[in-house]
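Just below is one structure, and these are the notes that go with it.
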Amino acid sequence: MNQQDELTGTVDRFLFQNSDNGFSVVVLQVSSTTTAIVRGYLPNIHAGSQIQVKGAWTTHPKFGKQFEAESFSTDLPNTIFGLKKYLGSGLIKGIGPKYAEKLVDRFGLDTLKIIDKNPEMLGRVPGLGQKRIDQIIKAWDTQKEIAHVMVFLQEKGVSTAYATKIYKKYGQQSIVLVKENPYRLADEIWGIGFKIADTIAQNLGYDKESVKRLKAGTVFAITAEIGNGHLYVELQNIKDKTKALLELRDDPAIDEKLKTALTDLYHDEKIKLITYNTQHLVTLTQYYFSEKGVAIKIRSLIERPSPHQFDLDTLYKTLSIHHEGEINLNDEQQRGILACLQNKVTVITGGPGTGKTTLVKKLLSLLDAQGLQYSLAAPTGRAAKRMFEGTGRNALTLHRLLEFNFETRSFTRNEQNALKLDFLIVDEASMIDIFLAHALLKALPLDAHLLLIGDVDQLPSVGAGNFLNDVIESEKAISIRLKHIFRQAQDSLIIINAHRINNGEFPTSFLPEAKRDFVYIKEDLPEQVAAHLESIYTTKLHRFGIKPEDSIVLVPMNRGLVGTQTLNQTLQNILNPTNDAKQINRGDSIFKVGDRVMQIRNNYDKIVFNGDIGVIATIDTEDRTLTALFGQREVEYDSNDLEELVLAYAVTIHKSQGSEYAAVIVPLFMQHFMLLQRNLIYTAITRAKKLCIFIGQPRAIAMGIKNNKSVVRTTLLKQFLTSDLQCR
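If you want it as structure tokens, here you go:
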């Protein structure tokens, strides 16, 4: 841009807004008769904001003449039009478009002054009650504090899109705490990454090559590897990753400072170093102690003799006899039950249709006969519900079993307050990460038996570690794999194809004796997926007697033409096309009453967690709030919370773990090739109960099924279970 022009006006409306980085496209009211399209990084502006932008005019090939903003400044609105837009934008809770109109009609250009200095006068506005006035006063005071934080961040050259989050977390201590340690933002505030925190740090005067910065970068680089499922990183690898993250040159002086940073972190007990098979591995201290703690407790459980004595010979004979009208077990299931009774820690694994639930039901009847106390649990509410439906016995989430305290954000059940039970049976154990495994085992009394049930051929846990697989591979616990597919299950193409995929074979759409519950739609063009989905949801599902709300679309990734973001907009138009005025826009997302939504972070204040799926029940456009029903519980979201919600007509296969749906639709194309692997496709098909539909390119599906080399996670639980491996 060679020529610097200036524009001043009032933001009329947003055509696009990315709340993460502040990039926006807005309609600017320059005069009573003139508007302009302005695009650029314009964080912390709202409809009605009075702004001055500097930049240049450009011509977009599709959208025509636009003003490209290089910089901007903002003032409070000083026109009637601007005030109504500003106050009606939802910026101040309690004031929406309707009350903005009333306030400005009553007080004119003095409206903001009245709210700030003489809020008692607000009572003169018809329909404005004391409760709403108090809400406005509180919101205005908060907004002033946030504005102070925003000014501070803008001075440091950083987008202030996160100012509300920072203020919400730290309150009036925001600026003090950010100055003291800006890197804490990356750890403590969801959505603020290391790069943003690092930019703030450097603008606060942190030397780019300082040991303090290198220490923060090292910790973040290790944490990023944990986010990929690993618990340890090779030492040289973490040095290289830290230098790349911090954009530092290859130089002996930098290497020496990095060595100092690692030494400081080690002496401060922030990291642990382990040498294994000539490899030098590094991790954060809490991760080491979680995995080591799991190994110690499992070994202690196994070494402690069971206080419960069973007549195994008699039980074996009882299990072998087939009684009319009772549960009859095959040899694998019988061995599984005897193993559970004979050993303190047992793993039962197997695919769909192999009788895991039948085994558990028979085991429970035996425990009841012995008068033993047991609990059933699973990692998620959906998995616990399935466990209850399969066994008829109450099942809890692991968080409820361990009595999670939302105020202290810790489990009430632990070593000092152990669970009171003789047997603990945990389903979907492949979903358990190392941290939840550690919490669970800490709360387990040494006399108790532990049964872990899961399908190791599914995707590993979303969280770090490879708990179930490592326990099996250690051979420290008894592991029984159920392989026989029962006759009832052989009637289902879903189950037959799940096992075909697991054996590296392409799924089939027809077998003479089987139900037609699996459909493959060959499609080479990703852009045709929308048409297929419309046909499925308007015609095919009805033929199978399946309601749209009992179905889901599962895909490998979020981005792209066949990613969740695009497909959710497509499905919203198919399943919830109403143009009801009661809707809320956030960036390029639209939320409507009746939409299926998913929470994408743990929110302990709202008691709603990453992966929880609900339905939008109400929307208040005046206050820009909505309520979503998660089961029977209502959760309220204001405009600042909406980034925690996404539409959930389509979700990633990873997010579907532990769930089942009547119908599952799985589009698979070569654009997914980076993620296509056998356990991903296997996990997707095993989510379906009544109908599974694959859409996509044969080449993509075949590639995924053939690829059985999933990423090996760097963990040491197997070694901790089988040796005296120590850190230093």
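Going by my numbering, the first residue of the sequence shown is number 430, and it counts up by one from there.
Yeah, the Cβ is synthetic: ideal placement off N, Cα and C, and Gly gets one too.
Check: When the distance is taken between beta carbons, is GLN479 closer than 7 Å to THR439?
Finding: Start at 1 with the first residue of the sequence shown, and residue 439 comes out as number 10. Start at 1 with the first residue of the sequence shown, and residue 479 comes out as number 50. Yes, the Cβ-Cβ distance between THR439 and GLN479 is below 7 Å.
Item checked: C-alpha distance - LEU793 paired with GLN738, whole-angstrom precision -> On the sequence shown, residue 793 is found 364 positions in, with the first residue counted as 1. On the sequence shown, residue 738 is found 309 positions in, with the first residue counted as 1. Whole-angstrom Cα-Cα distance: 16 Å.
Checklist line | Separation of LEU741 from GLN762, as counted between CA atoms | finding: For the purposes of this step, residue 762 is taken as residue 333 along the sequence shown, with counting starting at 1. For the purposes of this step, residue 741 is taken as residue 312 along the sequence shown, with counting starting at 1. Approximately 15 Å between the Cα atoms of the pair.
Margin query: Suppose the cutoff is 6 Å on Cβ atoms and the five residues either side in sequence are ignored; what does the same chain contact list for LEU744 look like?
Written below: Taking the first residue of the sequence shown as 1, we reach residue 744 at position 315. The same chain holds no residue with a CB closer than 6 Å to that of LEU744 once the five nearest residues on each side in sequence are set aside.
Margin query: What does the Cβ neighbour count give for ARG442, buried or exposed, with the cut at 16 atoms within 10 Å?
Written below: Counted from its first residue, the sequence shown places residue 442 at position 13. Result: exposed.
Item checked: Span of the beta strand (DSSP E) around GLU720 -> Counting from one through the sequence shown, the residue named residue 720 turns up at place 291. Annotation for GLU720: no beta strand (DSSP E) segment contains it, though the alpha helix (DSSP H) segment containing it runs 714-732.
Checklist line | Close-in-space but distant-in-sequence residues of the same chain around PRO889 (CB under 6 Å, 5 per side omitted) | finding: In the sequence shown, residue 889 corresponds to position 460, counting from 1. Excluding positions up to five away in sequence, the list reads ASN895.
Checklist line | Between the CA atoms of MET816 and PHE840 - distance to the nearest angstrom | finding: Mapped onto the sequence shown, residue 840 falls at position 411. Mapped onto the sequence shown, residue 816 falls at position 387. C-alpha of PHE840 to C-alpha of MET816: approximately 22 Å in a straight line.
Margin query: Using a Cβ-Cβ cutoff of less than 7 Å, which residues in the same chain neighbour MET430 once the five nearest sequence positions on both sides are dropped?
Written below: The residue given as residue 430 occupies position 1 in the sequence shown. Because MET430 carries a pLDDT of 42, less than 50, the predicted location of this residue cannot be relied on, and no value is offered for it.
Note to self: Quick check for students: name the residue ranges of the beta strand (DSSP E) that lie wholly in the stretch 939-1021, counting only runs of 3 or more.
What the structure shows: The stretch 939-1021 contains these whole beta strand (DSSP E) runs: 947-951, 980-984, 1012-1015 and 1018-1021.
Item checked: 6 Å CB neighbourhood of SER502 in its chain, flanking five on each side removed -> Walking along the sequence shown from the start, residue 502 turns up at place 73. Excluding sequence neighbours, SER502 sits near GLN481.
Next item on the list: Compare the C-alpha of LEU827 against each of ARG842, LEU541 and GLU934 and name the closest.
Entry: As a first step, residue 827 must be located in the sequence shown, where it is residue number 398. Per the Cα distances, ARG842.
Next item on the list: Mind listing, in chain order, the continuous beta strand (DSSP E) runs of no fewer than 3 residues lying wholly within the stretch 1085-1121?
Entry: Counting only runs of 3 or more, we get 1090-1097.
Next item on the list: With a 10 Å radius around its C-beta and 16 neighbouring C-beta atoms as the bar for buried, classify ILE1042 as buried or exposed.
Entry: Residue 1042 sits at position 613 when you count from the first residue of the sequence shown. So ILE1042 ends up on the buried side.
Notebook entry, point to check: Based on the DSSP secondary-structure assignment, which residues constitute the bridge partners of SER804?
Noted result: Here residue 804 refers to the residue found at position 375 when the sequence shown is read from its first residue. Paired residue(s): LEU853.
Margin query: Rounding to the nearest angstrom, what Cα-Cα distance links PHE1149 and SER980 in this structure?
Written below: As a first step, residue 1149 must be located in the sequence shown, where it is residue number 720. As a first step, residue 980 must be located in the sequence shown, where it is residue number 551. Here the alpha carbon of PHE1149 sits roughly 42 Å from the alpha carbon of SER980.
Margin query: What would DSSP say about VAL891, mapped onto helix, strand or coil?
Written below: Indexing the sequence shown from 1 puts residue 891 at position 462. Here DSSP, grouped into helix, strand and coil, assigns VAL891 to coil.
Note to self: What does the Cβ neighbour count give for TYR1033, buried or exposed, with the cut at 16 atoms within 10 Å?
What the structure shows: As a position in the sequence shown, residue 1033 is number 604, starting the count at 1. Exposed is the call here.
Next item on the list: For LEU694, collect the residues of the same chain with a Cβ closer than 8 Å to its Cβ; drop the 5 residues on either side in sequence, then sort them by chain order.
Entry: In the sequence shown, residue 694 corresponds to position 265, counting from 1. Same-chain partners within the cutoff: LYS644, THR647, VAL648 and ILE700.
Next item on the list: Could you tell me the distance, in whole angstroms, from the CA atom of ASP616 to the CA atom of GLY519?
Entry: Residue mapping note: residue 616 aligns to position 187 of the sequence shown, counting from 1. Residue mapping note: residue 519 aligns to position 90 of the sequence shown, counting from 1. Taking the straight line joining both Cα atoms gives about 29 Å.
Notebook entry, point to check: Tell me the DSSP bridge mates of LEU1145?
Noted result: Numbered from 1 along the sequence shown, position 716 holds the residue referred to as residue 1145. The beta-bridge partner set that DSSP reports for LEU1145 is empty.
Next item on the list: Evaluate the contact criterion for the stretch 1118-1129 versus the stretch 949-969: three or more CB pairs, one atom per stretch, below 8 Å.
Entry: Two segments are said to touch when three or more pairs of C-beta atoms, one from each, lie closer than 8 Å; by this definition the stretch 1118-1129 touches the stretch 949-969.
Notebook entry, point to check: Rounded to a whole number of angstroms, what is the C-alpha to C-alpha distance between VAL789 and ILE1082?
Noted result: Here residue 789 refers to the residue found at position 360 of the sequence shown. Here residue 1082 refers to the residue found at position 653 of the sequence shown. One C-alpha to the other measures close to 27 Å.
Note to self: On the CB-based measure, 16 or more other CB atoms within 10 Å of its CB, does MET1027 come out buried or exposed?
What the structure shows: Position 598 of the sequence shown holds residue 1027. Under this definition MET1027 is a buried residue.
Item checked: Candidates ARG1015, GLY892 and PHE935, of which the one nearest ASN1174 by Cα -> Since the first and last residues shown for the chain are 430 and 1157, residue 1174 lies out of range.
Note to self: For VAL533, report the span of its beta strand (DSSP E) as first-last.
What the structure shows: The residue you call residue 533 lines up with position 104 of the sequence shown. Residue range 526-536 is occupied by the alpha helix (DSSP H) that includes VAL533, with no beta strand (DSSP E) assigned at that position.
Margin query: Once DSSP output is grouped into helix, strand and coil, what is the label at GLU497?
Written below: Position 68 of the sequence shown holds residue 497. In the three-state scheme derived from DSSP, where H, G and I count as helix and E and B as strand, GLU497 is classed as strand.
Note to self: Just verifying my parser: in three-state terms, what is the DSSP assignment at ARG676?
What the structure shows: As a working mapping, residue 676 is identified with position 247 in the sequence shown. Position check: residue 676 holds Glu in this sequence, whereas Arg was assumed. Coil at GLU676, not helix or strand.
Margin query: Suppose contacts are defined by Cβ-Cβ distances below 7 Å. Is SER1085 in contact with ARG1116 by that definition?
Written below: Walking along the sequence shown from the start, residue 1085 turns up at place 656. Walking along the sequence shown from the start, residue 1116 turns up at place 687. Closer than 7 Å, so yes.
Notebook entry, point to check: What residues in its chain sit with their C-beta under 6 Å from that of VAL1044, if we drop five residues either side in the sequence?
Noted result: For the purposes of this step, residue 1044 is taken as residue 615 along the sequence shown, with counting starting at 1. In chain order, ARG1025 and LEU1058 place their CB closer than 6 Å to the CB of VAL1044, counting only its own chain and leaving out the 5 sequence neighbours on each side.
Check: Among residues of its own chain, excluding the 5 on either side of SER1088, which ones have a beta-carbon nearer than 7 Å to its beta-carbon?
Finding: If you number the sequence shown from 1, residue 1088 lands on position 659. When the five nearest sequence neighbours on each side are left out, the beta carbons in the same chain lying within less than 7 Å of the beta carbon of SER1088 are those of ARG811 and ARG1116, in order along the chain.
Checklist line | For GLY523 and GLY517, believed in contact at Cβ under 8 Å, the rounded distance | finding: For the purposes of this step, residue 517 is taken as residue 88 along the sequence shown, with counting starting at 1. For the purposes of this step, residue 523 is taken as residue 94 along the sequence shown, with counting starting at 1. Contact between GLY517 and GLY523 is absent: CB atoms are separated by about 12 Å, not below the 8 Å threshold.
Notebook entry, point to check: Got a sec? Which residues, its chain only, sit under 7 Å from ASP899 by beta carbon, not counting five neighbours each side?
Noted result: As a position in the sequence shown, residue 899 is number 470, starting the count at 1. Apart from the 5 residues on each side of it in sequence, ASP899 sits with its Cβ closer than 7 Å to the Cβ of THR1144, LEU1146 and LYS1147 in its chain, given in chain order.
Margin query: So the candidates are GLY992, THR487 and LYS527; which of them puts its Cα closest to the Cα of GLU1051?
Written below: The residue you call residue 1051 lines up with position 622 of the sequence shown. Cα-wise, what sits closest to GLU1051 is LYS527.
Note to self: Applying the 10 Å Cβ sphere with the 16-neighbour rule, what's the burial state of ILE509?
What the structure shows: For the purposes of this step, residue 509 is taken as the residue at position 80 of the sequence shown. Flag for ILE509 reads exposed.
Next item on the list: Classify TYR596 as helix, strand or coil using the three-state DSSP reduction.
Entry: In the sequence shown, the residue the question calls residue 596 occupies position 167. TYR596: helix per DSSP, three-state reduction.
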